[in-house]
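J.: In the numbering used here, the protein residues as written are 8 to 293.
1) When you compare each of 57, 17, 75 and 164 to residue 85 by their alpha carbons, which one comes out closest?
2) Using the three-state DSSP reduction, which class does residue 15 fall into: helix, strand or coil?
3) Give every residue of the same chain whose Cβ lies closer than 7 Å to the Cβ of residue 163, excluding the five residues on either side of it in the sequence, and list them in chain order.
4) What's the gap between the Cα of residue 225 and the Cα of residue 190?
5) Once you ignore the five residues that flank residue 241 on each side, which residues in its own chain have a CB closer than 8 Å to its CB?
6) Would you grab the beta carbon distance between residue 194 and residue 30 for me? Rounded to a whole angstrom, and I think it's under 8 Å.
7) What span of residues does the beta strand (DSSP E) with residue 155 cover, start to end?
8) For residue 102 and residue 46, what's the separation of their Cα atoms in angstroms?
9) Is the beta carbon of residue 252 less than 7 Å from the beta carbon of residue 235?
10) Just to check my reading of the structure: residue 143 and residue 231 have Cβ atoms closer than 8 Å, yes? What is that Cβ distance to the nearest angstrom?
11) Just to check my reading of the structure: residue 76 and residue 111 have Cβ atoms closer than 8 Å, yes? What is that Cβ distance to the nearest angstrom?
12) Pairing CB atoms from the segment 58-73 with CB atoms from the segment 12-25, are three or more of them under 8 Å?
13) Going straight from the alpha carbon of residue 286 to that of residue 217, what length do you get?
14) What residue range is occupied by the uninterrupted alpha helix (DSSP H) comprising residue 50?
15) Residue 198 to residue 209, Cα distance in whole Å?
16) Are the Cβ atoms of residue 147 and residue 72 separated by less than 7 Å?
17) What would DSSP say about residue 107, mapped onto helix, strand or coil?
18) Could you please give the first and the last residue of the uninterrupted beta strand (DSSP E) stretch that includes residue 286?
19) Closer than 8 Å by C-beta to residue 11: which residues in its own chain qualify, once you throw out the five before and the five after it? Chain order, please.
20) Under three-state DSSP, which class holds residue 187?
21) Does the distance from the CB of residue 62 to the CB of residue 14 come in under 7 Å?
22) Between residue 93 and residue 282, which are expected to be in contact by the criterion C-beta below 8 Å, what is the C-beta distance as a whole number of angstroms?
23) Report the partner residues of residue 233 according to the DSSP bridge assignment.
24) Alpha helix (DSSP H) containing residue 214: first to last residue?
25) Assign residue 34 to one of two classes, buried (16 or more other C-beta atoms within 10 Å of its C-beta) or exposed (fewer than that).
26) Is the beta carbon of residue 70 less than 7 Å from the beta carbon of residue 255?
27) Does DSSP classify residue 101 as helix, strand or coil?
Here it is in structure tokens:
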């Protein structure tokens with residue numbers, strides 16, 4: 008790298024309209040802070056392949072569901088793997104980055120995950136309940152999610168080819184998300200009112216909560232990048248994994264006090280400096 012200030016291509020879709028969130032606000036504020044350390048340009052996901060070779064690294068942030076630009080994302084990923092481009096997060100993630108097929112795998116292996124199957128032959132692994140959640144394996148942002156009764160499960164076409172997931176509908180106590188930079192825990196947020204999914208407040212996790220979240224960060228084996236572990240608190244008090252977002256997790260920074268936002272930005276900057284320099288991302292504990 009020949010420049011004193013690394014050049015970052017920041018991939019985002021400022022026009023994407025998410026339910027209950029304004030992705031563009033988060034990226035506008037975050038890039039304003041990153042410009043303190045880096046030369047930075049923003050681009051839409053469909054423009055990334057044409058521009059990325061001129062930058063030291065590509066940062067994928069609030070780019071919206073890949074389903075909206077699947078062809079462009081496939082080309083971006085293939086180009087990154089072929090050229091060795093430095094993409095943050097690296098495109099080798101095993102979780103939502105590759106679809107939600109990891110959920111039935113983790114469920115079958117006995118991890119603390121909402122029971123999940125993707126084949127009709129495995130429906131017997133699910134508890135008998137009145138309602139089930141059906142979601143596409145390649146879904147995101149609740150696209151295609153629906154709730155159905157048990158009588159419909161055996162007629163779902165997606166359970167033949169593994170394109171949908173089925174889970175029991177859980178009346179959870181609350182949802183809680185844990186945010187990590189590299190393997191370093193940053194903060195947690197939860198939904199005190201389950202009817203308002205994106206009304207989030209800071210949450211102080213217990214040692215057991217952090218142990219739960221860290222096991223999935225370790226499972227994913229991404230050395231660098233930002234990950235969000237989404238969980239629900241079951242009626243019995245235990246946490247169950249909802250999803251592990253490792254592609255472009257929304258950070259909900261606006262729910263944090265200014266001091267915690269500053270801490271996150273500092274951690275992200277330090278991670279990016281290491282990443283661009285090709286240094287190992289140091290795992291710490293806090």
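All C-beta atoms, glycine included, are put in the ideal place defined by N, C-alpha and C.
Here the structure is a predicted model, which is why all the values come from computation and not from measurement.
T.: Based on what the coordinates show:
1) Checking every option, the nearest Cα to that of residue 85 belongs to 57.
2) Under the three-state reduction of DSSP, residue 15 is assigned to strand.
3) Spatial neighbours of residue 163 in its own chain (CB-CB distance under 7 Å, excluding positions within 5 residues in sequence) are listed in chain order as 141 and 171.
4) 8 Å
5) Same-chain partners within the cutoff: 177, 179, 180 and 247.
6) So it is not a contact: roughly 19 Å between Cβ atoms.
7) 153-155
8) 30 Å
9) Yes, the Cβ-Cβ distance between residue 252 and residue 235 is below 7 Å.
10) Between residue 231 and residue 143 the Cβ distance is about 29 Å, and since that is not below 8 Å, they are no contact.
11) Between residue 111 and residue 76 the Cβ distance is about 26 Å, and since that is not below 8 Å, they are no contact.
12) yes
13) 26 Å
14) Note, residue 50: premise wrong, no alpha helix (DSSP H); beta strand (DSSP E) at 46-50.
15) 9 Å
16) yes
17) coil
18) Run containing residue 286: none; DSSP gives neither H nor E here.
19) none
20) If DSSP states are grouped into helix, strand and coil, residue 187 belongs with the strands.
21) yes
22) 7 Å
23) Answer is 188.
24) 214-227
25) buried
26) yes
27) coil
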